[in-house]
Amino acid sequence: MSEIRTIDKVCLIIDTCVWLNMGKTSKELIDKLNYVMYENKVFLLIPEQIKTEWNRHKHSKIVTDIENNIKGSIKNSKKILDHVSNDDEARVFLEIIKKVEDRKDSIIQSISEESIFKIDLMMASSRHSHTILPTPTVIEQVLDWGLSQKKPFQQNKNSTGDALIILSALEYLKENQFTKAIFVTANYRDFSSPDPKIIHSDLEPLFNEVGLEYSINIAEVINEIHENALSQEIVNDMYPRYYGVNSFECPECKIDMNGYYRLGQFGLTYHYQCPQCRKLIDTGEEMDG
Ligand SMILES: [Zn+2]
Numbered sequence: 000m001s002e003i004r005t006i007d008k009v010c011l012i013i014d015t016c017v018w019l020n021m022g023k024t025s026k027e028l029i030d031k032l033n034y035v036m037y038e039n040k041v042f043l044l045i046p047e048q049i050k051t052e053w054n055r056h057k058h059s060k061i062v063t064d065i066e067n068n069i070k071g072s073i074k075n076s077k078k079i080l081d082h083v084s085n086d087d088e089a090r091v092f093l094e095i096i097k098k099v100e101d102r103k104d105s106i107i108q109s110i111s112e113e114s115i116f117k118i119d120l121m122m123a124s125s126r127h128s129h130t131i132l133p134t135p136t137v138i139e140q141v142l143d144w145g146l147s148q149k150k151p152f153q154q155n156k157n158s159t160g161d162a163l164i165i166l167s168a169l170e171y172l173k174e175n176q177f178t179k180a181i182f183v184t185a186n187y188r189d190f191s192s193p194d195p196k197i198i199h200s201d202l203e204p205l206f207n208e209v210g211l212e213y214s215i216n217i218a219e220v221i222n223e224i225h226e227n228a229l230s231q232e233i234v235n236d237m238y239p240r241y242y243g244v245n246s247f248e249c250p251e252c253k254i255d256m257n258g259y260y261r262l263g264q265f266g267l268t269y270h271y272q273c274p275q276c277r278k279l280i281d282t283g284e285e286m287d288g
């Protein structure tokens, strides 16, 4: 029997969707995570699958999101012109916007590259992180889960990837004991029980076995490790946009809308549609990381 190693750090397993969200939204969040890591308080456990997904999506998803944000800001700022009656002032204002529009590509490039670079560095740190490759036992378990359509992954396109992530982490935690271990995901539709803050009941015994905790908010986790590291505003921002909403009532017909993944403006995202008037709401939540 192998001896259990104990490590005096908080072990974080951060799902791909969370890395992507951090890259898209918050420079401060990336810096604070970096800070607690180099303070020797945090150890990143990275199943290889997360690295593969991150490398596959980091450029396209982060760049697209930052681009949409800048486009949105430009569009919104133009509304100010409704309140400007002086032609000269309006011209100056439009010139400034034009300058931003012209430099848009290089702005997007520098914001996204900085975030991606910092996250790549964290993932590569040999002192503060560890990448785990799936062992033959894990691969066998993943196949088994796929064949038995084990919940909660049965309706998820990315089920093999999710199973690889969870099962590799669980195996590692059996032999390496940390002060605390937390799995952080934004994908609560696949991982949570009806209460989004609680892990799905099918996974709960496996999590409990190795003392693995569950969170859907990375900012909250960082604040737990280092008190008041991040503002409440950032914590709130990191909750999924439609957090806690499991059913949607059609504003017109007052009946429940149906939820499903559908190809929208920004790829495959979770939508709600009214069965009666066909009204469609795009939550913008992506299917996989
Ligand atoms: Zn309706």
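The sequence shown begins at 0 in numbering that gives the first Met the number 0 and counts up one residue at a time. Each residue gets a CB set at the ideal place from its N, CA and C atoms; glycine is no exception.
Beta-carbon contacts of residue i that lie in its chain and below 8 Å, excluding the five residues immediately before and after
i, result
"I221", "L28, K31, L32, V35, A228, L229"
"P133", "P46, E47, Q48, V141, L163, L166, S167"
"R4", "E174, N175, Q176"
"V289", "A query on residue 289 cannot be resolved here, the shown segment of the chain reaching from 0 to 288 and no further."
Other residues of its chain near residue i: CB distance less than 6 Å, five sequence neighbours each side excluded
i, result
"D281", "G263, T268, H270"
"Y213", "F182, I198"
"E226", "none"
Residue nearest to residue i in terms of C-alpha spacing, selected from the options
i, options, result
"C276", "C252, N257, E285", "C252"
"C126", "Q48, P133, D101, V41", "Checking the sequence shown, residue 126 turns out to be Arg, not Cys. Closest by alpha carbon: V41."
"K98", "E66, N85, S114, I73", "I73"
"I181", "I3, E2, K8, R4", "K8"
"N39", "I69, I61, L19, I6", "I6"
"I215", "D201, N235, D104, P204", "N235"
"S111", "D81, S25, E285, E219", "S25"
"Y260", "G283, D101, I224", "G283"
"I118", "D101, C249, L205, I61", "I61"
"E285", "D87, R102, A185, N68", "A185"
"G71", "E113, P195, E100, A218", "E100"
"L11", "T178, P250, P274, E226", "T178"
"P250", "P274, E203, I79", "P274"
"D104", "N68, I131, L120", "N68"
"Y37", "L120, D86, D194, G145", "L120"
"P195", "E232, P239, I233", "P239"
Presumed contact (8 Å Cβ cut-off) between residue i and residue j, rounded CB distance
i, j, result
"M122", "K50", "6 Å"
"I107", "E66", "5 Å"
"L19", "S128", "No, L19 and S128 are not in contact; Cβ-Cβ is about 17 Å, not under 8 Å."
"D189", "D161", "6 Å"
"S191", "S200", "No, S191 and S200 are not in contact; Cβ-Cβ is about 10 Å, not under 8 Å."
"I96", "S76", "6 Å"
"F247", "M256", "4 Å"
"G145", "T159", "6 Å"
"M21", "I254", "Not confirmed; about 37 Å, so no contact."
Contacts around residue i, its chain only, beta-carbon distance under 7 Å, and the 5 residues preceding and following it disregarded
i, result
"L279", "H270, Q272"
"I224", "V9, V35, K40, V41"
"L205", "L169"
"E139", "none"
Any contact between the stretch 44-62 and the stretch 10-26? By contact I mean 3 or more CB pairs, one from each, below 8 Å. Verdict: yes, contact present.
Which parts of the stretch 177-242 are runs of the alpha helix (DSSP H), unbroken and 4 residues or longer, counting only runs that do not cross its ends? The stretch 177-242 contains these whole alpha helix (DSSP H) runs: 187-190, 203-209, 217-224, 231-236.
Could you tell me which uninterrupted alpha helix (DSSP H) segments, each at least 4 residues in length, are contained entirely in the stretch 105-164, listed from first to last along the chain? Complete alpha helix (DSSP H) runs here, min 4: 135-146.
How do the stretch 207-219 and the stretch 166-179 stand: do at least 3 beta-carbon pairs fall below 8 Å, yes or no?
The stretch 207-219 is in contact with the stretch 166-179.
Query raised in the report: If you scan the stretch 43-108 from start to end, which runs of the beta strand (DSSP E) of 3 or more residues do you find wholly inside it?
Result: Fully enclosed beta strand (DSSP E) runs of 3 or longer: not present.
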